[in-house]
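Taking this note's numbering, the leading residue of the sequence shown gets 2, the next gets one more, and so forth.
Read through the structure below, which is laid out as structure tokens, and then see the notes.
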Amino acid sequence: MSSRNADVEARNGEHADTVVTCDSLVREYRRGSGGALFGSRDQPVVRALDGVSMSVSSGEIVGIQGPSGSGKSTLLHLLAALDTPTAGSLTVAGRNVTRLSERERARLRLDHVGLVFQRFHLLPALSARANVALPLIELGMPRRERRERATELLEAVGLSSRATHRPGQLSGGEQQRVAIARALSTEPDLLVADEPTGELDSETGRRVLDLFEELSDEHAVVVASHDAATIDVADRVVRLRDGRRQLADG
Ligand SMILES: Nc1ncnc2c1ncn2[C@@H]1O[C@H](COP(=O)(O)OP(=O)(O)OP(=O)(O)O)[C@@H](O)[C@H]1O
């Protein structure tokens, strides 16, 4: 290992179980557009992330904290390989994301990343079990195995008795637990959550956070939030301001 790499590893706490790592990550958008893709050249550029370096390993929860507009969602989208950086390096599950096509990134996500968002994103016409099993269809898993896996996962998140309910028949916390079970269905190395308790009352939010703590034994977890209780469960906190990482990380 070169001394520079050793420095980067020491700085990021990187080790053999590193699931995601980025160095000097930059993401720019064109203001007033639907993103960089549709922006015209003369629109001003917003530097949403400005040189962020970090890594996350299996067995830890890393919290991303910062004021509104500081770049949390932008960073999460990159770490989840939903997006590609304007500059800098990004490796997820050993793959260099900057070099992947959109299709290759979709495959990388299917194989290695679980996503949990504030607004659950469940399909309303499907039962809880069918929602959890959905990513397994893409993986080509036979129907019976899918059903068994989804049943086990619903049990793990305490929802066995709700397997045949549709999202509209479930509370917010139950829907979020279905979303977490779905994110785990493909056995991802990395679980990425954006404000996972944002829509939940504090007690239900606490139950979802307990679940994250249990999960972090086997997964790398990155969670962005404004909420102090959510950030409290993190082993480390990356603080952002104006797209930059603050030195006083937790
Ligand atoms: N698609 C986009 N097009 C243009 N600017 C964008 C786009 N997405 C984000 N931005 C800008 O990038 C900056 C960072 O946004 P981001 O959503 O990452 O922040 P955030 O910390 O997640 O904010 P919040 O806590 O309010 O969700 C902001 O200035 C935002 O206006």
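Ideal placement from N, C-alpha and C gives every residue a C-beta, glycine not left out.
Which whole-angstrom value is the C-beta distance of residue i and residue j, which I expect to be below 8 angstroms?
i    : j    : result
A192 : G115 : The sequence as given places Leu at residue 192; Ala does not occur at that position. Right, the Cβ-Cβ distance comes to about 5 angstroms (below 8 angstroms), so this counts as a contact.
L111 : E139 : 6 angstroms
G1   : I181 : Lying outside 2 to 251, the shown extent of the chain, residue 1 is not represented and no answer is given.
R109 : A126 : It is Leu, not Arg, that sits at residue 109 in the sequence shown. L109 to A126, Cβ: 28 angstroms. No contact.
R226 : E196 : For the record, residue 226 in the displayed sequence is Ser; it is not Arg. Confirmed, Cβ separation roughly 5 angstroms.
L212 : R178 : 7 angstroms
P168 : L137 : Contact flag wrong, Cβ pair sits at about 18 angstroms.
R32  : T87  : That belief does not hold up - the Cβ atoms of R32 and T87 are roughly 14 angstroms apart, past 8 angstroms.
L1   : L26  : Nothing can be reported for residue 1, as the shown portion of the chain is limited to 2 through 251.
R183 : V133 : 5 angstroms
E175 : L185 : That pair is no contact at about 16 angstroms.
P45  : H113 : That pair is no contact at about 35 angstroms.
R130 : T92  : Actually they are not in contact, since the Cβ atoms of R130 and T92 sit about 34 angstroms apart, beyond 8 angstroms.
V20  : V57  : 6 angstroms
A194 : V117 : 4 angstroms
Note the first and the last residue of the continuous alpha helix (DSSP H) segment covering residue i.
i    : result
R144 : 144–157
D112 : 103–113
S203 : 203–216
S74  : 73–80
T231 : 229–233
V133 : 129–139
L185 : 173–185
CB of residue i to nearest heavy atom of ligand 2: below 7 angstroms?
i    : result
R147 : Absent from the structure shown: ligand 2. Ligands present: ligand 1.
Give the range of the beta strand (DSSP E) segment to which residue i is assigned.
i    : result
R237 : 237–242
E219 : Counting along the chain, E219 falls outside any beta strand (DSSP E), and DSSP gives it neither H nor E.
S56  : 46–58
A88  : 88–93
D195 : 191–195
E29  : 19–31
V63  : 62–66
For a cutoff of 8 angstroms on Cβ pairs, would you count residue i as touching chain B?
i    : result
V133 : Of the protein chains in the structure, only one exists, and it is not chain B.
Practice prompt. Just jot down, in chain order, the residues whose CB lies closer than 5 angstroms to any heavy atom of ligand 1.
Written response: Selection output, chain order preserved: Y30, G36, V47, A49, S69, G70, S71, G72, K73, S74, T75.
*Tell me, please, whether the region 146–165 touches the region 67–86 by the rule of three or more beta-carbon pairs shorter than 8 angstroms.*
No, the region 146–165 does not touch the region 67–86.
How about the region 53–64 and the region 218–238: do they share at least three Cβ pairs that are nearer than 8 angstroms? The answer is yes - the region 218–238 touches the region 53–64, with three or more Cβ pairs under 8 angstroms.
Three-pair Cβ contact test at 8 angstroms for the region 196–205 versus the region 47–57: Output reads no: the region 47–57 does not touch the region 196–205.
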